[in-house]
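Throughout the sequence shown, residue numbering follows the working numbering, covering 73 to 472 in sequence. Here a beta-carbon is modelled for each residue, glycine too, at the ideal position from N, C-alpha and C. Since this is a predicted model, take the numbers as computed values, not measurements.
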Amino acid sequence: MPRPPWEVADVIRLYGEDYRQDQGASVPTSHRRVLHALETCRTAVLGGHVDACDHCGARQISYNSCRNRHCPKCQSLAKASWLEDRLDELLPVEYFHVVFTLPHQLASLGLQNKRCFYNLLFKATAETLRTIAADPKHLGAQIGFLAVLHTWGQTLTFHPHLHCIVPGGGFDPAGERWIACRPGFFLPVRVLSRFFRRCFLEALEATYDKGGLELYGSLDELREPETFRRWLDPLRDSEWIVYAKPPFGGPEKVLDYLGRYTHRVAIANHRILDVGDGKVSFRWRDYRHDNRLETMTLSAEEFLRRFLLHVLPDGFVRIRHFGWLANRHRTENIERARRLIAQQPPEAATVGERDPEPRSEPFAATPRLCPHCQRGQLVRVEIVPPITATTQRPRGVDSS
Numbered sequence: 073m074p075r076p077p078w079e080v081a082d083v084i085r086l087y088g089e090d091y092r093q094d095q096g097a098s099v100p101t102s103h104r105r106v107l108h109a110l111e112t113c114r115t116a117v118l119g120g121h122v123d124a125c126d127h128c129g130a131r132q133i134s135y136n137s138c139r140n141r142h143c144p145k146c147q148s149l150a151k152a153s154w155l156e157d158r159l160d161e162l163l164p165v166e167y168f169h170v171v172f173t174l175p176h177q178l179a180s181l182g183l184q185n186k187r188c189f190y191n192l193l194f195k196a197t198a199e200t201l202r203t204i205a206a207d208p209k210h211l212g213a214q215i216g217f218l219a220v221l222h223t224w225g226q227t228l229t230f231h232p233h234l235h236c237i238v239p240g241g242g243f244d245p246a247g248e249r250w251i252a253c254r255p256g257f258f259l260p261v262r263v264l265s266r267f268f269r270r271c272f273l274e275a276l277e278a279t280y281d282k283g284g285l286e287l288y289g290s291l292d293e294l295r296e297p298e299t300f301r302r303w304l305d306p307l308r309d310s311e312w313i314v315y316a317k318p319p320f321g322g323p324e325k326v327l328d329y330l331g332r333y334t335h336r337v338a339i340a341n342h343r344i345l346d347v348g349d350g351k352v353s354f355r356w357r358d359y360r361h362d363n364r365l366e367t368m369t370l371s372a373e374e375f376l377r378r379f380l381l382h383v384l385p386d387g388f389v390r391i392r393h394f395g396w397l398a399n400r401h402r403t404e405n406i407e408r409a410r411r412l413i414a415q416q417p418p419e420a421a422t423v424g425e426r427d428p429e430p431r432s433e434p435f436a437a438t439p440r441l442c443p444h445c446q447r448g449q450l451v452r453v454e455i456v457p458p459i460t461a462t463t464q465r466p467r468g469v470d471s472s
């Protein structure tokens, strides 16, 4: 894929210093780290290495990546490695994609309490899926699933939601039989939505009662318990959005689909159309009007402000497994699921088989052809050290 004409890193290099100076002490340390990582990614600041052609002698320098999880350029390798680990976990069943979203009225509270808020979202989602799936009126099974946190909308606004990928079935209460979902149907979304609403609000109130929420600025008045309860009242009566997308065509499609969600960042570089004159223009998709592509132009300062809304708390785990896919006993449970699924009639157990051919190793080292002579191979001949803190870094960082 050709390099996009503009990158988030370009916006930071051009306007990041002004943003830091204008915002001053209000820019958290975590945001400053992200800005520095992205603007120095694949530049001389981080060092690199030199390759030389063993035929024509041409030399080529490659600078190191920042590997920051918010960097649009650094997700491909992490995604490929993560997906490779998931290959052996696929089951020959339908997989479903269920999305849990929070009302926009909660956005300001979430921004002031990111770690707590995101954990509540994971907890309420997991409790909802496991409880409704275990109900004999619905599936009557113990399920396992994966959940991925996204915090953004198409225009970089704060919109926390979870993407859940769920195998279509689970163990009976005794763990001795596989119970498959009806073809093409997982669980009723209205039931999921209302149970999720109750779970989240109950957990939120319990956290509030324990003094676990930060409330300041525009939310300062919510420190008064009665005011907080009244503030929540409209949310108890509104419909919360939970939706299930059509099942995948089969297990072989799951990894391709997962790759779209697991290692995304708030905006991909290819969406940025233009940067200049203190402004940033980018594409966004209007889901409310037939997925129509639109263009939005923001001031560079507003673009950076919105981008930084999505910096995760330090050490926060945004991809989690639940139920019998939880990390502790995942391998044994997957083997048990395969064994039980194999005991079912084929039409009930499977919607597709995995490719029996051995897969290639995506990370095997392969020689690189020299782009100059097209005959020799590139061989590493030199390590370029990073620019240390004692070395004065120019304002314009070399990213060639």
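Selected residue, minimal CA-CA separation from residue i, among the options
i    : options                : result
A130 : I406, E89, V451, T460  : V451
L159 : Y329, P443, R357, W303 : Y329
P76  : Q446, G387, V347, Y315 : V347
G493 : D126, I339, V314       : Since the first residue shown for the chain is 73 and the last is 472, residue 493 is missing from the structure and cannot be characterised.
G247 : R392, P74, L412        : L412
N191 : C445, P385, S180, V238 : P385
L162 : P245, V238, N185       : V238
S148 : T227, R254, R336, R302 : R336
F320 : G256, S180, H103, K151 : G256
G289 : Y87, Q95, Q184         : Q184
C444 : H210, D126, L397       : Correcting the residue identity first, residue 444 is His in this sequence and not Cys. It is D126.
R343 : T369, G331, S153, T334 : T369
L441 : P100, A97, A124        : A124
R254 : T334, S310, A152, P318 : P318
Q446 : T299, R378, C128       : C128
G331 : L287, D281, S153, T101 : S153
Rounded Cβ spacing between residue i and residue j (contact assumed at less than 8 Å)
i    : j    : result
L174 : L193 : 7 Å
E166 : G242 : Wrong, their Cβ atoms sit about 12 Å apart, outside the cutoff.
H233 : F172 : 6 Å
F23  : F168 : Examination of residue 23 is not possible in this model, given that the chain is present from 73 through 472 alone.
C236 : T279 : Incorrect: roughly 22 Å between the Cβ atoms, too far for contact.
N341 : G216 : N341 to G216, Cβ: 34 Å. No contact.
The alpha helix (DSSP H) enclosing residue i, as first and last residue numbers
i    : result
W102 : The sequence given here places Ser at residue 102; Trp does not occur at that position. Per DSSP, S102 belongs to the alpha helix (DSSP H) from 101–112.
Q93  : 80–95
L276 : 261–281
D349 : First-last for D349: undefined, no H or E at that position.
Y190 : 186–206
D244 : Careful: D244 lies outside any alpha helix (DSSP H) and carries neither H nor E.
L307 : 297–309
Close Cβ partners of residue i (< 7 Å) along its chain, the five nearest in sequence each way excluded
i    : result
E454 : H121, V122
T200 : L264, F267, F268, C271
A409 : L163, W250
N399 : H393
C138 : A109, L110, T112, C113, L118, C146
H103 : L380, V383
T463 : Low per-residue confidence applies at T463: pLDDT is 49, beneath 50, and the placement is therefore not dependable, though the value from the model is reported in the following sentence. Correct list: empty, nothing qualifies.
Residue i and residue j closer than 8 Å at C-beta
i    : j    : result
L118 : I84  : no
G350 : S371 : yes
Q50  : L307 : Past the edges of the chain, shown from 73 to 472, lies residue 50, and the structure says nothing about it.
L155 : L327 : yes
V495 : A316 : Since the first residue shown for the chain is 73 and the last is 472, residue 495 is missing from the structure and cannot be characterised.
V170 : R390 : no
K195 : T334 : no
Contacting residues, own chain, Cβ-Cβ under 8 Å from residue i (five flanking each side not counted)
i    : result
S432 : Here the model assigns S432 a pLDDT of 39, short of 50, so the residue's position is not dependable, and the following value carries that caveat. Excluding sequence neighbours, S432 sits near nothing in its chain.
P439 : Q449, L450
T367 : L345, S353, F354, R355, W356
R187 : P385, F388
V456 : A116, G119, G120, H121, V122, I133, Y135
L304 : L273, L276, E277
G88  : L107, E111, L376
Cβ shell of residue i (< 6 Å), same chain only, five flanking positions each side left out
i    : result
P458 : L118, G119
C143 : L110, C113
Y91  : E373, L376
T422 : Bear in mind that the predicted position of T422 carries a pLDDT of just 43, short of 50, making it unreliable; the figure below should be weighed with that in mind. Around T422: P164.
A420 : In this predicted model, A420 has a pLDDT of only 42, less than 50, meaning its place in the structure is not dependable enough to derive any value.
D358 : R364, E366
D244 : I251
First and last residue of the uninterrupted beta strand (DSSP E) at residue i
i    : result
F257 : Looking at the DSSP string, F257 is not in any beta strand (DSSP E), and its letter there is neither H nor E.
Q132 : 131–135
W224 : 216–224
E454 : 449–456
F168 : 167–173
P239 : 230–239
F394 : 391–395
S475 : This structure gives no information on residue 475, because the portion of the chain shown stretches from 73 to 472.
L365 : 364–371
A414 : From DSSP, A414 is part of no beta strand (DSSP E) but of the alpha helix (DSSP H) over 402–414.
D292 : Here D292 belongs to no beta strand (DSSP E), and DSSP marks it neither H nor E.
V314 : 314–317
D123 : 120–125
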